[in-house]
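Contents: one structure, followed by commentary.
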Amino acid sequence: MRRLGIGWLMVVVAFLYLPIGVMMLMAFNASPFYTLPIELTGHWFTDLAQNEKLLDASRNSLLIATATAIISTVCGTAAALVLGRQTFRGKRLLQILLLPPMAIPWLIIGTAMLVFFHWTGIGRGLHAMILGHVALSLPYVMLVIGTGIQTLQPDLEEAAMSLGSTPQHAFFAVTLPALMPSIIAAGLFAFAVSLDQFVVSYFLAKPGVTTLPVEIYSSIRKGFTPEINAISTLLLGASMVLVIAFAWLSNFGGAHERR
Amino acid sequence: MSAVDIRGVTKTYGPVTVLDHVSIGFEAGRFTSLLGPSGSGKTTVLRIIAGFIIPDVGSLYIRGEDVTTTPVWKRDIGIVFQSYALFPHMSVMENVVFGLNRRGIRGAEARRRAAEALETVRLTGFDDRRPKQLSGGQQQRVALARAIVTRPKVLLLDEPLSALDRRLRQEMQVELLRIQRESGLTTIFVTHDQEEALTLSDRIAILDRGRIIQQGIPSAIYERPRTRFAASFLGDANFLPGTVAQGAVRVGDVAVQCDAALPANGTAVTLAVRPERMSMAAPSESHLNGSNAMAGVVRQATYAGAVTTYRLDGPGGLDLRVFVQNRDGTRFAPGSEVRLQWSPADTVCLED
Amino acid sequence: MPSEAAPAITSAPPAFAARGVAWTRRLTTGAMLLPAYGILTISVFLPLLVMAFFSVLKRSPFDPGPLSFTIDHYLVFVRRPYLIDVAWTSIQLGLWITGVCVAIGLPAALALAKATEGRSQKILFFLIILPFWSNGLVRIFSWTMVLRDGGILDYAYHLVLPSAAPLGLLYSFPAMVIGLVHAYLPYMILTCYLSISAIDNQLIEAAESLGARWPMTFLKIILPLAMPGIISGSVLIFVPVIGSFMEPRILGGKTGVTMGTVIEDQFTQAFNWPLGSAMSFAMLGFILLLFGVFGRALKQPATAAS
Chain A
16 MRRLGIGWLM VVVAFLYLPI GVMMLMAFNA SPFYTLPIEL TGHWFTDLAQ
66 NEKLLDASRN SLLIATATAI ISTVCGTAAA LVLGRQTFRG KRLLQILLLP
116 PMAIPWLIIG TAMLVFFHWT GIGRGLHAMI LGHVALSLPY VMLVIGTGIQ
166 TLQPDLEEAA MSLGSTPQHA FFAVTLPALM PSIIAAGLFA FAVSLDQFVV
216 SYFLAKPGVT TLPVEIYSSI RKGFTPEINA ISTLLLGASM VLVIAFAWLS
266 NFGGAHERR
Chain B
2 MSAVDIRGVT KTYGPVTVLD HVSIGFEAGR FTSLLGPSGS GKTTVLRIIA
52 GFIIPDVGSL YIRGEDVTTT PVWKRDIGIV FQSYALFPHM SVMENVVFGL
102 NRRGIRGAEA RRRAAEALET VRLTGFDDRR PKQLSGGQQQ RVALARAIVT
152 RPKVLLLDEP LSALDRRLRQ EMQVELLRIQ RESGLTTIFV THDQEEALTL
202 SDRIAILDRG RIIQQGIPSA IYERPRTRFA ASFLGDANFL PGTVAQGAVR
252 VGDVAVQCDA ALPANGTAVT LAVRPERMSM AAPSESHLNG SNAMAGVVRQ
302 ATYAGAVTTY RLDGPGGLDL RVFVQNRDGT RFAPGSEVRL QWSPADTVCL
352 ED
Chain C
77 MPSEAAPAIT SAPPAFAARG VAWTRRLTTG AMLLPAYGIL TISVFLPLLV
127 MAFFSVLKRS PFDPGPLSFT IDHYLVFVRR PYLIDVAWTS IQLGLWITGV
177 CVAIGLPAAL ALAKATEGRS QKILFFLIIL PFWSNGLVRI FSWTMVLRDG
227 GILDYAYHLV LPSAAPLGLL YSFPAMVIGL VHAYLPYMIL TCYLSISAID
277 NQLIEAAESL GARWPMTFLK IILPLAMPGI ISGSVLIFVP VIGSFMEPRI
327 LGGKTGVTMG TVIEDQFTQA FNWPLGSAMS FAMLGFILLL FGVFGRALKQ
377 PATAAS
């Protein structure tokens with residue numbers, strides 16, 4: 016029975032990685048029409064360097080992802096600190112308000128953003144996409160940092176104060192550094208979410224200002240070329256590396272203690 | 002001259018009074034324990050001395066100075082928390098020099114003094130380790146070194162040994178005492194473990210539900226508890242209720258002599274006798290002169306190697322306990338009738 | 077030893093200190109919450125409200141002319157019956173994907189929770205979760221490589237039967253199902269895994285010692301206790317699926333017409349924003365209904381995990 020179970024797990028893992036593997040393989044296939052059998056080449060990747068549109072889109076994606084990571088981490092840390100350490104009226108409400116952005120389909124949020132931004136003159140483009148991405152990643156960022164705060168020992172700041180630190184000094188010398196792994200993990204997470212974000216970017220993009228996923232989507236609609244495989248492989252690789260970094264930081268950073 | 006003095010301190014949280022007019026003086030250089038069950042307010046007293054809580058009424062003096070409202074970071078204290086509270090992102094050395102840095106002592110001088118403190122707690126060679134790489138006992142030593150390196154006016158310990166296993170606990174108790182003697186710091190120790198308090202303290206203050214029950218030298222409290230609570234919290238006791246009559250106390254049919262002064266005839270009192278102060282003999286043996294005696298029937302005998310604990314039924318339904326050292330293998334089986342004897346000097350008349 | 081007799085001063089600490097602290101406290105609390113919740117308000121809460129407003133307008137407010145209100149857009153399902161088909165397609169898609177995910181994911185989660193342990197368990201768990209957090213668009217695209225005519229499956233099929241017609245797997249309902257299952261399967265495995273790992277092994281052992289064979293243990297013990305995980309996974313998969321438009325377009329081709337694509341059309345092709353808003357809100361209402369009905373089950377995996 017046990018071997019059956021493990022066998023099934025292997026099937027599932029194979030299923031999960033099959034298409035990804037095929038796609039990556041095709042990125043190295045010389046044939047521009049995906050005809051098999053495979054002839055290995057790397058020229059689709061080098062071709063990417065000439066593709067202005069894709070390069071622009073990549074630059075935008077990175078820019079937006081970086082801005083998103085920084086903004087959502089700063090805002091999210093401040094808010095998470097308040098929610099995690101103080102009690103006041105309305106705190107429950109604020110916590111519940113974090114659920115809609117996570118639960119509502121991106122289609123609805125994306126279109127709502129489009130409507131509102133257009134109506135209020137915020138418009139579309141880089142700034143709109145940054146705003147949208149930050150809003151979507153904030154609940155997750157606050158969740159990660161909130162968990163970090165919960166695992167923080169409450170008497171660290173008290174210990175610092177007993178040794179002569181003012182509350183402000185205690186916060187910057189002790190609490191913040193102790194939270195740093197969580198904050199960085201949250202930042203990486205926000206970066207990855209922003210990089211992969213398609214739906215909201217799709218609605219908030221404007222001609223000439225798009226992100227990589229949006230460009231990939233347009234290319235797919237026009238027809239398949241191995242260039243898409245190449246850039247997709249790169250994008251996938253990048254997000255996987257980020258996720259691995261995030262997992263490493265949040266699981267193995269300061270969580271083990273011997274007693 | 003007291004190093005630390007709390008006077009008339011009261012603290013309430015809504016309808017709950019956590020401390021009720023508590024006054025304690027802590028002598029300089031002494032090891033004083035705050036002993037009590039949970040909810041007694043002992044940790045609150047500690048936190049008021051530390052400065053994390055400001056009392057509603059009353060004041061706090063450290064070395065003669067009124068520090069009731071002085072912020073924590075200006076009080077020059079050292080605390081060892083129950084959870085040690087070591088800074089996880091700093092090394093052992095960085096943890097210990099933290100307080101020195103805050104006082105303007107940095108660099109080589111700070112490291113030298115930190116090394117001294119670490120040597121005092123017998124933890125050299127771990128300077129660059131992180132707290133999570135240390136065992137519980139080692140972490141505690143670091144916490145201790147960190148607290149004493151600044152030579153604070155008072156050292157506060159909040160049940161620091163409760164997370165350790167038994168053997169380690171006993172080891173650390175010895176260490177703690179040695180360190181306190183060596184450093185000469187005024188030390189205030191919070192615990193609920195009466196054995197720990199007895200072993201370590203120069204002075205004990207017993208608290209219950211926000212009030213001081215009794216304070217003084219351990220042996221004084223143990224030999225002469227003033228209330229039922231003090232008698233049963235610090236050690237075990239047999240309680241004998243009776244009435245004062247002609248210079249003795251009538252407990253049922255028995256007249257019990259007591260060395261201390263008794264209230265007026267007719268007053269209802271409770272006497273307390275420690276189980277180890279009673280001896281058991283067969284009814285046929287001769288009665289010791291001058292000692293109190295009472296008949297009893299053995300209900301249960303529990304053998305524990307060095308000591309046998311007997312539970313007996315006394316006259317009038319009294320439930321009595323006697324500890325007998327197993328010096329010569331004499332045993333009394335359940336059901337045997339015995340005569341209990343003890344000295345009037347060991348009879349305490351309780352105030353409640 | 078009681079304290080020496082010294083002037084007994086009972087003084088109450090100054091009360092002003094407490095009040096002053098509370099005031100600045102509230103200011104800093106507000107200042108720290110403002111950026112995050114401000115952004116959320118501008119980007120999520122206000123837009124949703126404005127979209128609700130739009131949904132009852134007759135014409136787009138950007139068109140000239142006065143604003144007039146109507147609930148016609150919400151009645152569009154009555155006016156254009158083909159939309160009911162579209163909605164039904166979306167729901168079918170949702171049901172299929174959820175069902176397949178349960179069928180594949182529950183055994184996988186069971187195996188992961190109970191048949192593996194320690195290091196290999198962590199590695200397997202990570203391998204399963206990893207694709208989930210990588211680019212969704214790319215993963216859908218990768219399926220086109222597999223399913224398209226001339227792709228891997230078609231190629232292998234023609235190796236065996238060279239003269240057969242092309243498989244035509246891509247641009248069909250099954251293609252959408254496969255792609256979406258692949259995208260959301262890790263989610264189901266995760267929620268079921270959390271529920272199942274909370275099941276004490278001793279329960280299973282107790283059942284076995286009482287004579288239960290494996291199917292019985294599964295039905296009577298594992299399944300009910302895993303139900304919160306199954307339900308929460310189902311809801312959290314069903315909701316995004318019925319709102320998806322990217323996957324149907326890429327994998328479904330002409331058959332890929334769902335509520336998601338219709339709504340997207342209103343905003344990017346037809347520019348009928350009031351109608352699009354109304355449809356979005358109708359879908360939102362449906363989703364809130366689902367959460368209301370299944371909400372209790374959603375809370376449980378979270379507490380089981382902590």
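Residue numbers (our numbering), protein chains in the order written: chain A, 16 to 274; chain B, 2 to 353; chain C, 77 to 382.
For each residue, glycine too, the CB sits at the ideal point set by N, CA and C.
Inset, instruction - Check whether the Cβ atoms of Asp237/B and Pro276/B sit closer than 9 Å, and answer yes or no. - result: For the purposes of this step, residue 237/B is taken as residue 236 along the second sequence, with counting starting at 1. For the purposes of this step, residue 276/B is taken as residue 275 along the second sequence, with counting starting at 1. Cβ distance < 9 Å, so Asp237/B and Pro276/B count as in contact.
Legend entry - Nearest candidate by alpha-carbon position, reference Gly100/B, set Met255/A, Thr181/A, Leu33/A and Phe60/A: Against the second sequence, residue 100/B aligns to sequence position 99. Among Met255/A, Thr181/A, Leu33/A and Phe60/A, the Cα nearest to that of Gly100/B is on Thr181/A.
Inset, instruction - Taking the CB atoms as reference points, tell me whether Gly163/A and Ala207/A lie closer together than 9 Å. - result: Sequence index remark: in the first sequence, residue 163/A carries index 148 (1-based). Sequence index remark: in the first sequence, residue 207/A carries index 192 (1-based). The Cβ atoms of Gly163/A and Ala207/A lie no closer than 9 Å to each other.
Legend entry - Pairwise C-alpha distance: Ser310/C and Ala302/C: For the purposes of this step, residue 302/C is taken as the residue at position 226 of the third sequence. For the purposes of this step, residue 310/C is taken as the residue at position 234 of the third sequence. Roughly 12 Å between the two C-alpha positions.
Legend entry - Where Ala84/A falls: helix, strand or coil (DSSP): Sequence index remark: in the first sequence, residue 84/A carries index 69 (1-based). The three-state reading of DSSP puts Ala84/A in helix, counting H, G and I together.
Inset, instruction - Between the Cα of Gly170/C and those of Thr220/C, Val315/C, Phe370/C and Pro183/C, spot the shortest distance and give me the residue it belongs to. - result: For this step, residue 170/C is matched to residue 94 along the third sequence. Check the Cα spacing between Gly170/C and each of Thr220/C, Val315/C, Phe370/C and Pro183/C: the tightest is with Val315/C.
Legend entry - Contacting residues, own chain, Cβ-Cβ under 7 Å from Leu119/B (five flanking each side not counted): Against the second sequence, residue 119/B aligns to sequence position 118. For Leu119/B, where only same-chain residues beyond five positions count, the Cβ hits under 7 Å are Val97, Thr125 and Ala146.
Inset, instruction - Give me the Cα-Cα distance between Ala354/C and Asp276/C, rounded to the nearest whole angstrom. - result: Numbered from its first residue, the third sequence carries residue 354/C at position 278. Numbered from its first residue, the third sequence carries residue 276/C at position 200. Rounded to whole angstroms, Ala354/C to Asp276/C spans 47 Å at the Cα level.
Legend entry - Close-in-space but distant-in-sequence residues of the same chain around Gly161/A (CB under 6 Å, 5 per side omitted): On the first sequence, residue 161/A is found 146 positions in, with the first residue counted as 1. Answer for Gly161/A: Ala95 and Gly99, listed in chain order.
Inset, instruction - Counting only the same chain and skipping the five closest in sequence on each side, list residues whose C-beta sits under 7 Å from that of Gln181/B. - result: By 1-based counting over the second sequence, the position of residue 181/B is 180. Taken in chain order, the residues that qualify are Phe32 and Thr188.
Legend entry - Alpha carbon of Gly226/C to alpha carbon of Glu67/A, nearest angstrom: In the third sequence, the residue the question calls residue 226/C occupies position 150. In the first sequence, the residue the question calls residue 67/A occupies position 52. If I take the Cα positions, the gap works out to 29 Å.
Inset, instruction - Please decide whether Asn277/C counts as near chain A, where near means a Cβ-Cβ distance under 9 Å. - result: Residue 277/C sits at position 201 when you count from the first residue of the third sequence. No, its Cβ sits nowhere closer than 9 Å to a Cβ of chain A.
Inset, instruction - Out of Tyr231/C, Thr105/C, Thr344/C and Glu193/C, state which residue places its alpha-carbon closest to the alpha-carbon of Phe103/A. - result: Taking the first sequence and counting its residues from 1, one reaches residue 103/A at position 88. Selection Tyr231/C, Thr105/C, Thr344/C and Glu193/C evaluated against Phe103/A yields Thr105/C as nearest (Cα-Cα).
Legend entry - Contact list for Thr126/A against chain C, beta-carbon separation under 9 Å: Within the first sequence, numbered from 1, the residue matching residue 126/A stands at position 111. Think of a sphere of 9 Å around the beta carbon of Thr126/A: the chain C residues whose beta carbon falls inside it are Pro123, Met127, Ile339, Glu340, Gln342, Phe343, Trp349, Gly352, Ser353 and Ser356, in chain order.
Legend entry - Residues that DSSP places opposite Ser3/B in a beta bridge: Here residue 3/B is taken as the residue at index 2 of the second sequence, counted from 1. DSSP output for Ser3/B lists Glu28/B as bridge partner(s).
Legend entry - Rounded C-alpha distance that separates Lys198/C from Leu199/B: As a working note, residue 198/C is residue 122 in the third sequence. As a working note, residue 199/B is residue 198 in the second sequence. Looking at the two C-alpha atoms, the distance is approximately 49 Å.
Legend entry - Nonlocal neighbours in the same chain, by C-beta distance under 8 Å from Gly30/B, ignoring five residues either side: Translated into the one-based positions of the second sequence, residue 30/B becomes position 29. Ala4, Gly185, Leu186 and Thr187.
Inset, instruction - Kindly say whether Gln101/A, judged by its beta-carbon, lies nearer than 9 Å to any beta-carbon of chain C. - result: Indexing the first sequence from 1 puts residue 101/A at position 86. Yes, Gln101/A counts as interfacial toward chain C.
Legend entry - Through-space distance from Arg113/B to Ile50/B, alpha-carbon basis: The sequence position of residue 50/B within the second sequence is 49, counting from 1. The sequence position of residue 113/B within the second sequence is 112, counting from 1. When rounded, the distance between both Cα atoms is 29 Å.
Legend entry - Inter-residue spacing [alpha-carbon to alpha-carbon] between Pro335/B and Pro226/B: By one-based count along the second sequence, residue 335/B stands at place 334. By one-based count along the second sequence, residue 226/B stands at place 225. Each residue's Cα considered, the two are about 31 Å apart.
Legend entry - Proximal chain A residues relative to Tyr150/C, where beta-carbon distance stays under 8 Å: What you label residue 150/C is simply residue 74 of the third sequence in a count that begins at 1. Residues of chain A whose Cβ lies closer than 8 Å to the Cβ of Tyr150/C do not exist; the shortest such Cβ separation is about 15 Å.
Inset, instruction - In the DSSP assignment, find the beta strand (DSSP E) that holds Trp343/B and state where it starts and stops. - result: For the purposes of this step, residue 343/B is taken as residue 342 along the second sequence, with counting starting at 1. Run containing Trp343/B: Glu338 to Trp343, per the beta strand (DSSP E) assignment.
Inset, instruction - Output yes or no for whether 9 Å exceeds the beta carbon distance between Tyr85/B and Gln141/B. - result: Here residue 85/B corresponds to residue number 84 of the second sequence, with the count starting at 1. Here residue 141/B corresponds to residue number 140 of the second sequence, with the count starting at 1. Yes, these two residues count as a Cβ contact at 9 Å.
Legend entry - Contact under 9 Å by Cβ, His148/A with Thr83/A: Taking the first sequence and counting its residues from 1, one reaches residue 148/A at position 133. Taking the first sequence and counting its residues from 1, one reaches residue 83/A at position 68. Against a cut-off of 9 Å, the Cβ pair of Thr83/A and His148/A comes out as a contact.
Legend entry - Length of the line joining the Cα atoms of Val255/B and Leu272/B: Taking the second sequence and counting its residues from 1, the one referred to as residue 255/B is at position 254. Taking the second sequence and counting its residues from 1, the one referred to as residue 272/B is at position 271. Cα to Cα, the separation comes out at about 13 Å.
Legend entry - Distance between Pro241/A and Met292/C (C-alpha atoms, nearest Å): To locate residue 292/C, count along the third sequence from 1; it is residue 216. To locate residue 241/A, count along the first sequence from 1; it is residue 226. Whole-angstrom Cα-Cα distance: 51 Å.
Legend entry - Residue-chain proximity (Lys244/A, chain C), Cβ-Cβ < 9 Å: Walking along the first sequence from the start, residue 244/A turns up at place 229. Lys is not the amino acid found at residue 244/A; the sequence shown has Asn there. Chain C, which has a Cβ nearer than 9 Å to the Cβ of Asn244/A, makes this yes.
Legend entry - Coil, strand or helix - Leu288/B by DSSP: Numbered from its first residue, the second sequence carries residue 288/B at position 287. In the sequence under discussion, the amino acid at residue 288/B is His, which differs from the Leu named in the question. Shown here, His288/B sits in coil according to DSSP, grouped into three states, outside any helix or strand.
Inset, instruction - Using a Cβ-Cβ cut-off of less than 8 Å, give me the residues of the region 158-171 of chain A that come near chain B, in sequence order. - result: The region 158-171 of chain A vs chain B, Cβ under 8 Å: Gln168, Asp170 and Leu171.
Inset, instruction - Take Val274/B as the anchor and find which of Pro284/B, Leu235/B, Gln247/B and Thr303/B has the nearest alpha-carbon. - result: Locating residue 274/B in the second sequence gives position 273, counting from the first residue. With distances taken between Cα atoms, Val274/B lies closest to Leu235/B.
Inset, instruction - With a threshold of 16 other CB atoms inside 10 Å of the CB of His271/A, please say whether the residue is buried or exposed. - result: Here residue 271/A corresponds to residue number 256 of the first sequence, with the count starting at 1. Bear in mind that a pLDDT of 41 at His271/A, under 50, signals an unreliable position, so the number given afterwards is only what the model happens to contain. His271/A comes out exposed.
Legend entry - Close beta carbons around Trp172/C, own chain, < 7 Å, minus the five adjacent residues each side: Counted from its first residue, the third sequence places residue 172/C at position 96. For Trp172/C, where only same-chain residues beyond five positions count, the Cβ hits under 7 Å are Val253.
Legend entry - Assigned secondary structure, Thr187/B (DSSP; H/G/I helix, E/B strand, else coil): What you label residue 187/B is simply residue 186 of the second sequence in a count that begins at 1. Residue state, collapsed to three classes: coil.
Inset, instruction - With a 10 Å radius around its C-beta and 16 neighbouring C-beta atoms as the bar for buried, classify Ala109/B as buried or exposed. - result: Stepping through the second sequence from its first residue, residue 109/B is reached at position 108. Per the 10 Å Cβ criterion, exposed.
Inset, instruction - Could you tell me whether the region 185-198 of chain C touches the region 242-257 of chain A, using the rule of 3 or more Cβ pairs below 8 Å? - result: Taking a contact to require three or more Cβ pairs closer than 8 Å, the region 185-198 of chain C and the region 242-257 of chain A do not qualify as touching.
Inset, instruction - Determine the burial state of Pro123/C: buried for a count of at least 16 other Cβ atoms within 10 Å of its Cβ, exposed for fewer. - result: Taking the first residue of the third sequence as 1, we reach residue 123/C at position 47. With 16 or more neighbouring CB atoms inside 10 Å of its own CB, Pro123/C falls in the buried class.
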